[in-house]
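Just so we're aligned, residue 93 is where the sequence shown starts under the numbering used here, counting upward by one. Note that beta-carbon positions come from the ideal geometry of N, C-alpha and C, so glycine has one too. Since the structure is predicted, the reported quantities are computational estimates derived from the model, not experimental observations. See structure below.
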Amino acid sequence: MISGNLQTDQHWMSEALAEAHQALYLANPNPRVGCLIVKNGQEIGRGHTQAVGGPHAEVRALAHARSKGFDPTDSVIYVTLEPCNHTGRTPPCVDALIAAKPRKVLVAMIDPNPLVAGKGLERLQAAGIAVETGLLRAEAAALNRGFISRMTRGLPWVRLKIAATLDGKTALPNGTSQWITGPLARADGHHWRAQACAVLTGGGTVKEDNPSLNVRDVITQRQPWKVIVDSKLETPLDAKLFDGMDQSGVMIVCAHLQSPEQLTNAKAFRERGVEVIEMPNAHGKVDLAKLLAYLAQERHMNEIHVEAGAKLNGSLLREDCVDELLLYYAPFFMGEGLGMTSLSALNALQDRQTWDLIDQATFDPDIRLRYQKT
Numbered sequence: 093m094i095s096g097n098l099q100t101d102q103h104w105m106s107e108a109l110a111e112a113h114q115a116l117y118l119a120n121p122n123p124r125v126g127c128l129i130v131k132n133g134q135e136i137g138r139g140h141t142q143a144v145g146g147p148h149a150e151v152r153a154l155a156h157a158r159s160k161g162f163d164p165t166d167s168v169i170y171v172t173l174e175p176c177n178h179t180g181r182t183p184p185c186v187d188a189l190i191a192a193k194p195r196k197v198l199v200a201m202i203d204p205n206p207l208v209a210g211k212g213l214e215r216l217q218a219a220g221i222a223v224e225t226g227l228l229r230a231e232a233a234a235l236n237r238g239f240i241s242r243m244t245r246g247l248p249w250v251r252l253k254i255a256a257t258l259d260g261k262t263a264l265p266n267g268t269s270q271w272i273t274g275p276l277a278r279a280d281g282h283h284w285r286a287q288a289c290a291v292l293t294g295g296g297t298v299k300e301d302n303p304s305l306n307v308r309d310v311i312t313q314r315q316p317w318k319v320i321v322d323s324k325l326e327t328p329l330d331a332k333l334f335d336g337m338d339q340s341g342v343m344i345v346c347a348h349l350q351s352p353e354q355l356t357n358a359k360a361f362r363e364r365g366v367e368v369i370e371m372p373n374a375h376g377k378v379d380l381a382k383l384l385a386y387l388a389q390e391r392h393m394n395e396i397h398v399e400a401g402a403k404l405n406g407s408l409l410r411e412d413c414v415d416e417l418l419l420y421y422a423p424f425f426m427g428e429g430l431g432m433t434s435l436s437a438l439n440a441l442q443d444r445q446t447w448d449l450i451d452q453a454t455f456d457p458d459i460r461l462r463y464q465k466t
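This is the structure we're talking about:
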């Protein structure tokens, strides 16, 4: 319920959301949160959630205000997510807010984490602080799709990225795909990689393209994990994605470790610090749904960014594992070539998956379309 001057409150909450965007590449697996402190109509402090183990947005904003000589007493605080009321790697933010004695706290959305889920707001109200919720909630939720998914579904938010021609081809018949899109589109792709907790690909893509799968075209303090789905454990030991393992972890998920060659490869990978995990389904392939649940529930991963070939793309779509499509189209036709996905033919049009457009953008000369599952 929002009262008071709506236009003014929207302005300051928008500023808090802009601050939260500063945590896009930084906060995982914590949510991206921004906080703004206003007193007598003037901003006196702001902050966003830092890397794991660092201060949260509210603590940063209060410290910022005090560093400039401002007293947050009787202020109005705008925060994009409900302040935490439990002790994790850092003390509860709600304690810091109560000690600051603001007049009012406006919260964009309630925290879906069961450890919080309204309890932070209750503590603020019990301390005599006015609380309002819901302002720009949709914008705040869009910023934390992965965190919300992990907390409510026990699954990460899976984003499938594909770069293709106008006729839907991702590579020449011989597999050559560098580069279909231009440098601006590729840099935008790295923007989405940097947000993810992990970049997921298939063993076939590693063998054919030998990608690095790291973030290079945007500045980031952290590199996402690299997860390889490789049923038979045939990933080359000298693949480029193993470079820079001091900056990010690598995980190979196979179906079984049975043959002497597989056991030897697994030993060699583990000696290099690569995790090798068996996760078979009933057909001797990797159980993709189980893998995603594991990444969310056991490894606390919010967003998974997929850059794979048609076979794995098709499997993920067929098994209903994809939440968002990130599609880049280059303005030319290829004719013969490799397709975007490997899917069986539909028996009827009503059997199709449907997607809603989130947004579209131009990265001259290419275009990007984002879709969310209906």
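* With DSSP as the reference, label F239 as helix, strand or coil. => Look at F239 here: in three-state DSSP terms it is helix.
* **Segments of 4+ residues assigned as alpha helix (DSSP H) that fall wholly inside the stretch 324-394** => Every alpha helix (DSSP H) of 4 residues or more that sits fully in the stretch 324-394 is shown, in chain order, as 352-363, 380-389.
* **Residue interval of the beta strand (DSSP E) (run including A255)** => Its beta strand (DSSP E) spans residues 249-257.
* Asked: Are the stretch 285-296 and the stretch 401-409 touching by the rule of at least three beta carbon pairs closer than 8 Å?
  -> Taking 8 Å as the limit for Cβ pairs, the verdict is that the stretch 401-409 does touch the stretch 285-296.
* Where W447 and G281 are concerned, what is the direct C-alpha to C-alpha distance, given to the nearest angstrom? -> Cα-Cα distance, rounded: 20 Å.
* Does the distance from the C-beta atom of L216 to that of L235 stay below 8 Å? -> When the beta-carbon positions are compared, L216 and L235 stay at least 8 Å from each other.
* Asked: What span of residues does the beta strand (DSSP E) with A108 cover, start to end?
  -> If you look at A108, you'll find it isn't in any beta strand (DSSP E); it sits in the alpha helix (DSSP H) that goes 98-113.
* To do: Express the C-alpha separation of H148 and M93 in angstroms, rounding to a whole number.
  => At M93, the pLDDT of 48 sits below 50, so the modelled position is not reliable; the number obtained from the coordinates is stated separately. Looking at the two C-alpha atoms, the distance is approximately 25 Å.
* Coil, strand or helix - H282 by DSSP -> In the structure shown, H282 sits in a helix (DSSP, three-state: H, G or I).
* Burial state of I450, where buried means 16 or more other Cβ atoms lie within 10 Å -> I450 should be labelled exposed.
* Output yes or no for whether 8 Å exceeds the beta carbon distance between L118 and Q313. => Yes; because the gap between Cβ atoms is below 8 Å, this pair is in contact.
* Asked: Rounded C-beta distance between R460 and A277? I'm assuming under 8 Å.
  -> Confirmed, about 7 Å.
* Asked: Would the stretch 169-179 and the stretch 121-139 be scored as touching if the rule is three or more Cβ pairs under 8 Å?
  -> Segments in contact, yes.
* To do: Spell out the partners DSSP gives C127 in its beta bridges.
  => Residue pairing by DSSP places C127 opposite G139, V171 in a beta bridge.
* Taking only runs of the alpha helix (DSSP H) that begin and end inside the stretch 190-217, which ones reach a length of at least 4 residues, in chain order? -> The qualifying runs do not exist here; there are none.
* Asked: Ends of the alpha helix (DSSP H) at R152?
  -> Looking at the DSSP string, the run of the alpha helix (DSSP H) that includes R152 is 149-159.
* Express the C-alpha separation of R152 and C185 in angstroms, rounding to a whole number. => In this model, C185 and R152 are separated by some 10 Å (Cα to Cα).
* To do: Indicate, with yes or no, if the ligand NAD has a heavy atom lying under 7 Å from the CB of M432.
  => The ligand content of the structure shown is nil, which means the ligand NAD is not present either.
* **Beta-bridge pairing of I396 - partner residues as DSSP gives them** => I396 pairs with V250, A290.
* Is it a yes or a no for the stretch 342-356 touching the stretch 247-264, going by three-plus beta-carbon pairs under 8 Å? -> Judged by Cβ distances under 8 Å, the stretch 342-356 makes no contact with the stretch 247-264, as fewer than three pairs qualify.
* For the beta strand (DSSP E) that R462 lies in, which residues bound it at each end? -> Per DSSP, the continuous beta strand (DSSP E) segment holding R462 begins and ends at 458-465.
* Bounding residues of the alpha helix (DSSP H) (the contiguous stretch that carries D448) -> Taken as a continuous stretch (DSSP letters only), D448 belongs to no alpha helix (DSSP H), being part of the beta strand (DSSP E) at 447-455.
* Asked: If you draw a straight line from the C-alpha of G365 to the C-alpha of S241, how long is it?
  -> Going by the C-alpha atoms only, they are around 29 Å apart.
* Helix, strand or coil: which one does DSSP assign to T182? -> In the three-state reduction of the DSSP assignment, T182 falls in the coil class, being assigned neither a helical nor a strand state.
* **G401 in three-state terms, based on DSSP** => In the three-state reduction of the DSSP assignment, G401 falls in the coil class, being assigned neither a helical nor a strand state.
* **Contact set for K377: own chain, Cβ-Cβ below 6 Å, skip 5 residues either direction** => Excluding positions up to five away in sequence, the list reads S323, A347.
* In terms of DSSP beta bridges, what is L418 paired with? -> DSSP lists K253, R462 as partners of L418.
* Asked: So, do the stretch 388-395 and the stretch 221-235 have three or more beta carbon pairs nearer to each other than 8 Å?
  -> Per the Cβ contact rule, the stretch 388-395 is not in contact with the stretch 221-235 (fewer than 3 Cβ pairs under 8 Å).
* On the three-state DSSP scale, how would you describe M93? -> Note that M93 scores a pLDDT of 48, beneath 50, so its modelled location is shaky; the value from the coordinates is reported in the next line. Correct three-state label for M93: coil.
* Asked: Whole-angstrom Cβ separation of Y421 and L258, contact assumed at under 8 Å?
  -> Sure, about 6 Å apart at Cβ, within 8 Å.
* Between the Cα of I369 and the Cα atoms of R158, I344, K382, which residue gives the shortest distance? -> Considering only alpha carbons, the answer is I344.
* To do: Would you mind giving the Cβ-Cβ distance between L418 and K253, rounded to the nearest angstrom? I have them listed as a contact below 8 Å.
  => So it is a contact: roughly 4 Å between Cβ atoms.
* **Helix, strand or coil at L430 [DSSP, three-state]** => Looking at L430 - three-state DSSP - the assignment turns out to be strand.
* **Distance between beta carbons of M201 and A233, contact taken as under 8 Å** => With a Cβ gap of about 6 Å, A233 and M201 count as contacting.
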